[in-house]
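**Student:**
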Amino acid sequence: NHMAVHPSWSALPAAADGLQGDKDSQQSPGDMAAALGPGAQDMVAVHMLRLYEKYSRRGARPGGGNTVRSFRARLEVVNQKTVYFFNLTSMQDSEMILTATFHFYSEPPRWPRAREVFCKPRVKNMSCRLLPPGPPARLHLLFRSLSQNTATQGLLRGAMALMPPPRGLWQAKDISSIIKAARRDGELLLSAQLDSGEKDTGAHRHSPHMPYILVYANDLAISEPNSVAVTLQRYDPFPAGDPEPRAAPNSSADPRVRRATQASGPLQDNELPGLDERPAHVPHAQHYHKHELWPSPFRALKPRPGRKDRRKKGQDTFAASSQVLDFDEKTMQKARRR
Amino acid sequence: QWDEPRVCSRRYLKVDFADIGWNEWIISPKSFDAYYCSGACEFPMPKIVRPSNHATIQSIVRAVGIVPGIPEPCCVPDKMSSLGVLFLDENKNVVLKVYPNMSVETCACR
């Protein structure tokens with residue numbers, strides 16, 4: 001079964017049963033199909049949903065890696081031949097290709113008409129027998145890679161001759177070496193031609209039987225701290241060239257500077273930190289400059305001296321130099337009463 | 339929230355990709371249980387917060403007050419688990435990626 005093509009897997013039930021039988025723990029396949037949009041009916045979507053199901057259920061790493069990329073085909077008719085184009089440019093440089101498979105649907109063979117040959121019966125009652133029809137035409141699979149800016153036929157990367165199966169079914173072929181070679185040469189546009197020697201009937205156009213490619217990879221960057229943002233965060237909250245993210249869009253040049261007092265330990269009292277005392281030993285003391293502070297009656301705050309310093313200098317010097325907020329008499333009376 | 343334990347521990351958090359605007363291209367899952375870590379790493383730290391050696395020492399130094407300005411250790415994720423995400427890439431191709439460290443299993447003081 002083409003979905004079981006990956007050696008490390010047990011044969012998956014035929015894709016034909018779709019996902020109806022499987023209830024996703026989080027959402028029904030119908031939801032997932034809806035999320036896939038119009039592409040939900042094609043086999044590549046079914047295949048990927050099944051891989052996801054497999055991972056979610058059993059934690060089975062897809063193909064032994066941490067990434068599976070699918071590539072849908074774009075169909076073109078070139079010289080009356082059906083050619084499928086695949087754009088592999090969305091592969092990330094950090095994704096090391098483990099294997100790649102090409103999945104395609106083989107139509108049931110159209111047996112050639114029985115051959116009528118001129119025959120002279122040698123024996124009287126021997127009637128002319130029609131010769132049995134010849135073997136069905138072989139299917140040739142040709143892969144070419146193109147670099148993005150050339151319109152040539154592209155470089156032939158691989159060719160396979162396949163016996164058409166007795167009935168229509170999906171098949172899968174390992175094309176790992178073809179994909180790896182094309183990527184090494186920087187040619188990430190691939191074309192595949194399924195040549196059965198007959199003229200293109202256009203039957204495949206937009207059918208759910210469009211071929212597709214799966215690339216199983218190991219993303220070496222996925223363990224980076226923020227790898228989820230690289231592939232899933234599409235809108236950068238601060239696209240380049242935007243004003244400083246801190247400034248509100250319509251704010252004037254706000255003179256105020258956000259700051260935090262250097263509270264060295266839990267504040268025991270509500271005295272304000274000393275004004276002009278800057279303990280030399282505190283390495284990270286914030287150096288406030290006059291112009292940075294609010295133009296207001298309040299003077300610059302200084303970080304509180306460390307507990308050691310306070311103990312050394314004794315409370316009185318500290319109290320003398322520290323600023324106690326001066327309230328009016330009425331407020332002080334109220335406070336004392338409270 | 340109020341009856342949550344004070345000590346560093348795992349708290350429940352369900353993330354819905356629609357809330358962070360990623361649901362347009364994420365096919366599945368639509369949401370997942372991410373959890374988060376919160377709580378105190380005060381001295382003395384109970385075994386349950388599985389402090390590292392460094393966190394234990396830092397917590398003692400802070401309690402003794404030898405050096406001013408030492409904060410208490412932080413409550414952070416310890417064991418985490420992966421999440422498989424099925425999404426559409428920029429070319430509308432379906433991609434499956436298994437992202438590590440997407441959900442918190444245990445928290446600890448570090």
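As given, the protein sequences belong to chains X and D, one line each in that order. According to this note's numbering, the stretch in the first sequence is residues 1 to 338, in order. According to this note's numbering, the stretch in the second sequence is residues 339 to 448, in order. Note that the Cβ used here is the ideal one computed from N, Cα and C, for glycine as well. A quick note: this is a predicted structure, and the numbers were derived from the prediction, not measured.
1) Under a Cβ-count criterion, where at least 16 other Cβ atoms within 10 Å of its own Cβ denotes burial, should L424 (chain D) be classed as buried or exposed?
2) So, at 6 Å on beta carbons, what are the nonlocal neighbours of L351 (chain D) in its own chain, with the 5 sequence-adjacent residues on each side left out?
3) Any C-beta of chain D sitting closer than 9 Å to the C-beta of M48 (chain X)?
4) Taking only the alpha-carbon atoms, compute the straight-line gap between R184 (chain X) and D93 (chain X) and give it to the nearest angstrom.
5) Which stretch, first to last residue, makes up the alpha helix (DSSP H) that contains I179 (chain X)?
6) Establish whether the CB of R278 (chain X) and some CB of chain D are separated by less than 9 Å.
7) Anything in chain X within Cβ reach of P409 (chain D), meaning under 9 Å, just list it in chain order.
8) Starting from the Cα of M383 (chain D), find the closest Cα among D:S376, D:I398, D:S369 and give me that residue.
9) Establish whether the CB of S441 (chain D) and some CB of chain X are separated by less than 9 Å.
10) Could you check whether H140 (chain X) and L156 (chain X) sit closer than 9 Å to each other, using their CB atoms as the reference points?
11) Just to confirm my understanding: we take I404 (chain D), look at its own chain, exclude 5 residues before and 5 after, and list those with CB closer than 7 Å. What are they?
12) Going by DSSP, what residue range makes up the alpha helix (DSSP H) through Y52 (chain X)?
13) Whole angstroms are fine: how far does the CA of E107 (chain X) sit from the CA of K417 (chain D)?
14) May I have the straight-line CA-CA distance separating S70 (chain X) from F355 (chain D), to the nearest angstrom?
15) If the criterion is Cβ atoms closer than 9 Å, does the pair E95 (chain X) and V215 (chain X) meet it?
16) Using a Cβ cut-off of 9 Å (strictly closer), state whether I398 (chain D) contacts chain X.
17) Shortest alpha-carbon distance to G168 (chain X) belongs to which of X:H2, X:I179, X:R336?
18) Could you check the C-alpha separation between A182 (chain X) and S145 (chain X) for me, to the nearest Å?
19) Below 8 Å, how does it come out for the stretch 407 to 417 of chain D and the stretch 425 to 437 of chain D: are there three or more Cβ pairs, yes or no?
20) Looking at chain X, is there any beta carbon in it that lies within less than 9 Å of the beta carbon of Y330 (chain D)?
21) Along chain X, in chain order, which residues have C-beta atoms closer than 7 Å to that of F425 (chain D)?
22) Within 10 angstroms of the Cβ of E187 (chain X), are there 16 or more other Cβ atoms? Answer buried if so, exposed if not.
23) Please tell me whether T89 (chain X) and L194 (chain X) are closer than 9 Å, where the distance is taken between their beta carbons.
24) Using a Cβ-Cβ cutoff of less than 6 Å, which residues in the same chain neighbour T444 (chain D) once the five nearest sequence positions on both sides are dropped?
25) Apart from the five residues on each side of it in sequence, which residues of its chain come closer than 7 Å, Cβ to Cβ, to S252 (chain X)?
26) Taking 8 Å as the limit between beta carbons, can you name the residues of its chain near S366 (chain D), skipping five residues before and five after?
27) For N66 (chain X), which residues in chain D fall below 7 Å Cβ to Cβ?
**Tutor:** In terms of the structure at hand:
1) buried
2) A372, Y373, Y374
3) yes
4) 11 Å
5) 176 to 184
6) In this prediction, R278 (chain X) has a pLDDT of 46, which is less than 50 and means its spatial position is unreliable; what the coordinates show is noted afterwards. By this cut-off, R278 (chain X) is not an interface position.
7) Here the premise fails: no neighbours, minimum Cβ distance about 11 Å.
8) D:I398
9) no
10) no
11) none
12) 43 to 58
13) 51 Å
14) 22 Å
15) yes
16) no
17) X:H2
18) 6 Å
19) no
20) The structure shown does not extend to residue 330 (chain D), since chain D is modelled only from 339 through 448, so no value can be given for it.
21) L232
22) buried
23) no
24) D416, K417
25) For S252 (chain X), the pLDDT reaches just 47, beneath the cut-off of 50, and the residue's location in the model is therefore unreliable, leaving the point undetermined.
26) V423, L424
27) K435, V436
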